[in-house]
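Sequence lines, in order, name chains D and U. Residues are numbered in my numbering as their position in the first sequence, beginning at 1, plus a constant of 94. Counting along the second sequence from 1, when you hit position 245 you're at 233 in my numbering, and nothing is skipped either side. To start, the structure itself, in structure tokens.
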Amino acid sequence: MTEVRTVYLIDDDASVRRGLGRLLKSAGYDVVTCDTPEAYLALTSYRKPSCLLLDIRMPGMTGLELQRALHGDGSHPPVVLLSGHVDAATAERAIAEGAVAVLSKPVDFATLVNAIELGLARTR
Amino acid sequence: MSERPTALRLPLIAGVVAAGYYVGAQIGLALTFPPATTSVLWPPNAILTAALLMVRPRMWWVCLAAALPVHILLEIDAGFSAQLVALLFVTNCSEALIAAIAVRLLSDAPTRFDSLRRVAAFVAGAGLLAPIVSSFADAAVVNLLRGENYWDVWRVRVFSNVLTELSVAPAIILGWQVVQSLVERRPRARSAVESIAFVLVLLALAMLVFGRPGVRDALPGSPPTPIVLLLPVFGWAAMRFGVGGVSAALLGSAFVASYETAAGLRPFATLTPVDSLIAVQMILAVVAIPLMLLSGLLGDRRQATEKLAARLRFEELLSSIAGSFLRLTDDAAALRSSLTLVSEFFGADCVGLLQLGDGAIELEAEQQLCGAGAMHLTAETFRRRFPSAMERAIDGETVVWTSADAIPGTASQDVQSFEEFGFRFLVILPFAGSYVVRGALLLAATRERLMSESDLVQLRLIADVLATARARHRAELDAQRSRQEVAQMARRSSMGELASALAHQLNQPLAAIMANAQAAQRLIESGVPQGIDIHEGLDDIVQDCRRASDVVQRVRDMVAPSKVQREPLDLADVVRDVAMLLASDTLIRRVRLALEFGSDGAPIRGDRVLLQQAVLNVIVNAIDAVAELRESDRVVTVWTGSSGDNQARIRVRDQGRGLPPGTEAQVFEPFFSTKSTGLGMGLAIARSIVESHGGTIQLENDPAGVIVTINLPVAELVA
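Put into structure tokens, the structure is as follows:
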């Protein structure tokens, strides 16, 4: 396991960022956290292979909007969406628009890792 | 007469005509002044005329045949030759026939004398034409066989017959009608007294006028032509009794005049008895004809007035019906009051509005005025007992049955029911097609009533008014329903938003807790800390648990504020307010909310709005429980009062199917619902409100329904 695999974690809730960051680090991922989509977009370079873990509900630009903006842009990593309250229609649409998975909070470790692995697989 | 069975009718007509002819001829023969053959007053011809006018033309031969033997017997008896008797019978019959044919041709109702046209037809045909024409033949016969002067005979016969036709025929026809009406209902005392007074005055004056000169002279200053004294009586007759009255006045005066003349007294002393009588007859006829026409004119006026009055009554009915829909906010009450008015106006025992659905019929409101025992007519009864009538109504046909004979033979069930119910008419008028409401107006009565074409026109108008009112009502209900659906949707979506906000607020700390906990687990299991501080993670977990608990507390505060307003209240008022809030809901879902208030009231202290919310939630549940039941079972009973032990109480009872067994303990838990669309918050909120008021709420479950009891401390204890 020489390759460094990165998860970009974007969530407006500091506590969630910290908690999920710890969990992902415990699984061996390199974690980059951003508190807003704008902060993520402001990054100058993006590592690969990587995966984007994105909260849907955020003040300002929402996760869905960011995902839509990134969709089709090969320079950005695949997106896994996270949400506290997601309805089936939104989830289906997000998948159709290229999201790897839509997970609901609070998320189980195994499910989270599965989704991220799927996303990472796409970057190769 | 014409309604009697045929077997009886023939001999009855024959017998009556023969008897009449006999009496008339006896009078006539008594008033013949020998050596003249012709009587100065000969009623039989007029009697025959009356008979021919009253029976149908195909029965005329019966009348003529019945008169023949009487005529022969009497005239042979009087010493006339067989030839003369036979020829006189022919001339007599010819007069009656000419009269009957002429009147039937000229008048629209030969036996009625209540319009100018009818009176004129009678006066011209029977009063003038027939006597004048037939007298030519009669005079010829008498002149040939008896050698009397042709014009003397003609003159005597014309005047006597003009007078008898005018006086006897209407008197008989109208007299028969009066007798018939007396059988049906007793006369009013006032008109009976007036009639008797009229007869007495008439006879007294006639005797005074035609009677002994001595009596007349006793009246100082009496006119030289005393016959004018009769004029006011004739006027009285024309104004108050119509043609029948004039006719009776004529008959009375002519009879008295003839009688007195025969007895040797005559008003015109310078003339021979015969000429004097002819003069009297001429005067009477000349006076009577214009008066008869006048009373015909009065009849026209009266009919026009009655028509106008009927029209006005109908207009009034229409406007009261329209008014009741405008005035009464409760549409069902307006419909009921309208149908009551209709049933009174048309004399119907049962008036209903049939609602025609897709092949199904619902009798929406019914009005039964007369308590004819067997007649409780529900839509079901009608469908079962009058299948053919209902079928027609569904097809949009009008049903007008005025007797069992009018019902087609194929509808045997309908015929049988019609007779069993003792109906005299059954009318079903479907609403005109373009209305939203498909329905029909139904009327049935056990009392005789003529349903004329104009009645049907009026009923159709009423049906239109009702249909329009129903259509408007339906549209209003639809609008109300959609308003309510919008409100419900808005409520749902705001509840949905609340739920989603709540989920987000709670899920953030939960997600963090879960992530931290799982990270800690993994670290403990693997035992390889990779620069991660497990203590920080645990601190975060504690923080996030506090955060979640704060969210929950905020929601609790939002749903049931801990600061409860304490104003004096009566629980009955709270229930009334809620009932008002729910009025349109119960109306649309056709649920009856029965409110019962205990006499001693239920004073408490509390927050009006919160308690309304609690009671509303409980009652809404009860309404939901009964909403799918038969309409008659959709009843929710709310009782308020005091329960004795210083507790004010509200008890809400539905007669729904109850809750699934074993769920009683959970109903007050949040998010527990037995309804597919329920959020499960209603009773939870109700309990939290009641408990914040120091009260209790209990639920008793039974297959026959649910009773929810709310107990609250009465005011004194709280204060």
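Don't be surprised by glycine CBs; every beta carbon is placed ideally from N, CA and C. Quick caveat, the model's predicted, so the values are computed rather than measured.
Asked, Found
"Could you give the DSSP three-state label for residue 236(U): helix, strand or coil?", "helix"
"So if DSSP puts residue 600(U) in a beta bridge, which residue, or which two residues, is it bridged to?", "Answer is none; residue 600(U) lacks a bridge partner."
"Who are the near neighbours of residue 415(U) in its chain, counting only those whose CB is closer than 6 Å to its CB and skipping five residues on each side?", "388, 431"
"Relative to chain U, which residues along the segment 118 to 138 of chain D have a C-beta separation below 9 Å, given in chain order?", "118, 119, 120, 121, 122"
"Among 191(U), 79(U), 419(U), which has the Cα closest to the Cα of residue 56(U)?", "79(U)"
"Using a beta-carbon distance below 8 Å, is residue 214(D) in contact with chain U?", "no"
"At a CB distance below 9 Å, what residues from the segment 495 to 512 of chain U approach chain D? Give them in sequence order.", "495, 496, 497, 498, 499, 500, 501, 502, 503, 504, 505, 506, 507, 508, 509, 510, 511"
"Under a three-way DSSP split, which group does residue 137(U) fall into?", "coil"
"Pull the bridge partners of residue 201(D) from the DSSP assignment, please.", "Per DSSP, none; premise fails for residue 201(D)."
"On a Cα-Cα basis, can you pick out the residue from 165(D), 203(D), 110(D), 104(D) that is closest to residue 493(U)?", "110(D)"
"If you draw a straight line from the alpha carbon of residue 30(U) to that of residue 185(U), how long is it in whole angstroms?", "28 Å"
"How big is the Cα-Cα spacing for residue 152(D) and residue 542(U)?", "21 Å"
"Please report the Cβ distance between residue 99(D) and residue 124(D), rounded to the nearest whole angstrom; I am assuming they are in contact, meaning their Cβ atoms lie under 8 Å.", "7 Å"
"Identify every residue that forms a DSSP beta bridge with residue 167(D).", "Partner(s): none; residue 167(D) has no beta bridge."
"Along the chain, where does the beta strand (DSSP E) containing residue 585(U) start, and where does it finish?", "580 to 585"
"Determine the direct distance from the alpha carbon of residue 104(D) to that of residue 132(D), and round the result to whole angstroms.", "10 Å"
"Take the Cβ of residue 504(U) as the centre, count every other Cβ of all protein chains shown within 10 Å, and call the residue buried at 16 or more, exposed below.", "buried"
"Below 8 Å, how does it come out for the segment 308 to 323 of chain U and the segment 255 to 274 of chain U: are there three or more Cβ pairs, yes or no?", "no"
"On a Cα-Cα basis, can you pick out the residue from 596(U), 16(U), -3(U) that is closest to residue 44(U)?", "-3(U)"
"In chain order, what residues of the same chain have a beta carbon less than 6 Å from the beta carbon of residue 211(D), not counting five sequence neighbours either side?", "none"
"Do residue 59(U) and residue 138(U) have their C-beta atoms closer together than 8 Å?", "no"
"Indicate whether at least one CB of chain D lies closer than 8 Å to the CB of residue 681(U).", "no"
"In this structure, how does DSSP classify residue 103(D) when only helix, strand and coil are distinguished?", "strand"
"Just reading off the beta strand (DSSP E) that residue 189(D) is part of, what are its end residues?", "Residue 189(D) -> not in any beta strand (DSSP E); alpha helix (DSSP H) instead, spanning 182 to 190."
"Identify whether residue 432(U) lies in helix, strand or coil by the three-state DSSP scheme.", "strand"
"Which partner residues does residue 557(U) have in the DSSP bridge list?", "592(U)"
"Which residues of the segment 517 to 537 of chain U have a Cβ closer than 7 Å to any Cβ of chain D? Give them in chain order.", "518, 520, 525, 528, 531, 532"
"Measuring only the C-alpha atoms, how far is residue 694(U) from residue 642(U)?", "6 Å"
"Can you find a CB in chain D that lies within less than 8 Å of the CB of residue 461(U)?", "no"
"Look at the Cβ atom of residue 536(U), then the Cβ atom of residue 525(U), and state whether they are nearer than 8 Å.", "no"
"Which chain D residues are close to residue 381(U), counting only those with a beta carbon under 9 Å from its beta carbon?", "Result: empty, since nearest Cβ-Cβ is about 50 Å, beyond 9 Å."
"Please specify which runs of the alpha helix (DSSP H), each continuous and at least 4 residues long, are wholly inside the segment 101 to 181 of chain U, giving them in chain order.", "104 to 110, 118 to 134, 138 to 172"
"Compare the beta carbon distance of residue 205(D) and residue 142(D) with 8 Å and say whether it is the shorter of the two.", "no"
"The beta strand (DSSP E) with residue 689(U) in it runs from where to where?", "684 to 690"
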